[in-house]
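Everything below concerns the one structure shown next.
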Amino acid sequence: MSILPKILFICFVFKTVTSDPINRHMKIDGNFDDWRNVPSYIDPEDNLKGTVYDVSPWFPSFKSPDCHDTDTRDTTTTPKHIYNPNVNIVEFKIAHDNTSIYVYYRVADGGVIGKTSVGPSEFNKNNPSEPSAGRFYVIAAVNIDHNDTTGYWLHGGAYHPTAPGFDGNFEIEFYNGSFNQNYYLDHGANNDTQANYLKQENKKNRFVILPSIYPYYTQYIYWNHQPTSDETQRCFDGPYRLPRPYSNRYICYSRDMAPGPFNGSLTYARSEKGNEFEMRAPFEGFLFNHYTGERTLQLGMTINISLSLETSEEYSIPRDWSSDTTATIRYTLSDTVV
Ligand SMILES: *[C@@H]1O[C@H](CO)[C@@H](O)[C@H](O)[C@H]1NC(C)=O
Ligand SMILES: *[C@@H]1O[C@H](CO)[C@@H](O)[C@H](O)[C@H]1NC(C)=O
Ligand SMILES: *[C@@H]1O[C@H](CO)[C@@H](O)[C@H](O)[C@H]1NC(C)=O
Ligand SMILES: *[C@@H]1O[C@H](CO)[C@@H](O)[C@H](O)[C@H]1NC(C)=O
Ligand SMILES: *[C@@H]1O[C@H](CO)[C@@H](O)[C@H](O)[C@H]1NC(C)=O
Ligand SMILES: *[C@@H]1O[C@H](CO)[C@@H](O)[C@H](O)[C@H]1NC(C)=O
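Residues -19 to -1, 1 to 319 in mature numbering (1 follows the signal peptide of the UniProt record, and there is no 0) are what the sequence shown spells out, letter by letter.
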């Protein structure tokens, strides 16, 4: 080997063996300086013409417009291009400290993450000028066990570019002009019977990792303190106080457009212009692995993560739901600084 390939080879080995360093300086405060030295990934910038495409390494001959509709749940039909600057991700980052995972999203200039319109009911395409209650989802999907057989394929939820094996999500919902709820999803079911089983397990502080298809999951808000009495009253199913090992942890099962706000342990902040967004998910919200009894997510694990933004019709061209999903990133929750 001549010297240059040798150096490149060493660099390559170094890059593949070093994992993502722990970062003890992350703060969710809307000041993004703490993200400056975190590795950055790009996502293509969608345009009005719809000439920007994403490709999944799992289906290399299938192209999907970068921002697209939210009902194409296979990998043969090309999704419709739906332009929406508020979901048009152009850059993203991932970081962690010893208790939490952090994700960063930046959309194209002019986009505002989490922007929703205010109105009495959902968008009505027969009367598009009538005000409507818009929705916006900030989504992070995690392949927790790094096993493609368990968890769901992204395209099952109409997210493209697709990838397999997502066992759980953490998300924030904005609805009718404001923050509505933050929650975790346990994606370990293939049918309603199994989804009921997940519910029984989650209440016992256990997270279930099993093969699954997209529509079957549990959705829960997680608090590391007692929810307010107002939240308690509005919760449909719960709150349940979790057993061991903590004394004051609660979950409430939820669903989209629940009567919020429900402010669990996930936190977020936005930049002044609104095109940058940071979100923190405490590991403990993923409960304990129902097989091993260990923390479901903890330092030392290697996970895969995919980020999406998704929103209702109001600010889209044409007026339809739109989403943008990033490439899947392999990420190691290293416990060392380098
Ligand atoms: C996490 O790190 C902080 C310092 O950044 C330290 O004070 C704390 O004890 C650590 N917690 C755990 C659970 O290791
Ligand atoms: C949205 O908020 C407005 C103003 O607070 C309210 O009048 C309207 O009923 C709300 N819409 C929904 C669907 O709750
Ligand atoms: C994790 O993501 C990387 C990068 O996209 C990919 O190469 C790898 O196959 C994924 N691993 C699993 C288990 O899905
Ligand atoms: C991946 O998950 C499947 C289904 O639970 C299991 O049968 C298989 O042993 C797992 N693979 C590894 C490498 O753990
Ligand atoms: C649910 O899925 C499991 C695992 O695939 C299967 O064994 C079970 O029979 C299914 N139950 C129903 C009611 O379809
Ligand atoms: C939710 O709680 C956090 C503290 O954990 C607080 O900073 C934030 O302002 C609250 N958000 C809402 C919408 O109430």
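Just so you know, even glycine gets a beta-carbon here, dropped at the ideal spot from N, CA and C.
The DSSP-derived three-state label of residue 296 is helix. Setting aside the 5 residues that flank it on each side, residue 160 is surrounded in the same chain by 242, each with a C-beta closer than 6 Å to its C-beta; the list follows chain order.
Looking from the CA of residue 114, the closest CA among 27, 75, 240 belongs to 240. Rounded to whole angstroms, the separation of the alpha carbons of residue 30 and residue 204 is 44 Å. Of all C-beta pairs linking the region 261 to 271 to the region 63 to 71, fewer than three are shorter than 8 Å, placing the two stretches out of contact. Burial is judged here by how many other beta carbons sit within 10 angstroms of a residue's own beta carbon; residue 102 has fewer than 16 and is exposed.
Not a single heavy atom of ligand 3 lies less than 7 Å from the C-beta of residue 132. Residue 172 holds the alpha-carbon nearest to the alpha-carbon of residue 192 among 172, 208, 182. Here residue 104 really is in contact with residue 294; their C-beta atoms are around 4 Å apart, less than 8 Å. Of 180, 256, 207, the smallest CA-CA separation from residue 198 is found for 180.
If you check the C-beta of residue 270 against ligand 4, you find no heavy atom less than 7 Å away. Within the chosen limit of 7 Å, ligand 4 does not reach the beta carbon of residue 65 with any heavy atom.
Counting only runs of 3+ residues, the beta strand (DSSP E) found wholly inside the region 117 to 175 occupies 149 to 156, 159 to 167, in chain order. Around the Cβ of residue 79, a 10 Å sphere holds fewer than 16 other Cβ atoms; the residue is exposed. Buried is the label assigned to residue 97, since at least 16 other Cβ atoms lie within 10 Å of its Cβ. The region 297 to 312 makes contact with the region 35 to 52; the number of CB pairs closer than 8 Å reaches 3 or more.
When C-alpha distances from residue 218 are compared across 229, 230, 206, 235, the shortest belongs to 235.
The C-beta distance from residue 22 to residue 308 rounds to 7 Å, short enough to meet the 8 Å contact threshold.
Annotated three-state conformation of residue 39 is coil, per DSSP. Judged by DSSP secondary structure, residue 212 falls within the alpha helix (DSSP H) whose first and last residues are 210 to 215. For residue 114, the shortest C-beta to heavy atom distance toward ligand 2 is below 7 Å. Residue pairing by DSSP puts residue 303 in a beta bridge opposite 292.
Annotation: residue 276 to residue 53 spans about 35 Å, alpha carbon to alpha carbon.
Inside the region 40 to 117, DSSP marks whole beta strand (DSSP E) runs of 3 or more residues at positions 44 to 46, 70 to 77, 81 to 88, from first to last along the chain. Within 7 Å of the C-beta of residue 171 there is at least one heavy atom belonging to ligand 5. Beta-bridge analysis with DSSP links residue 16 to no other residue.
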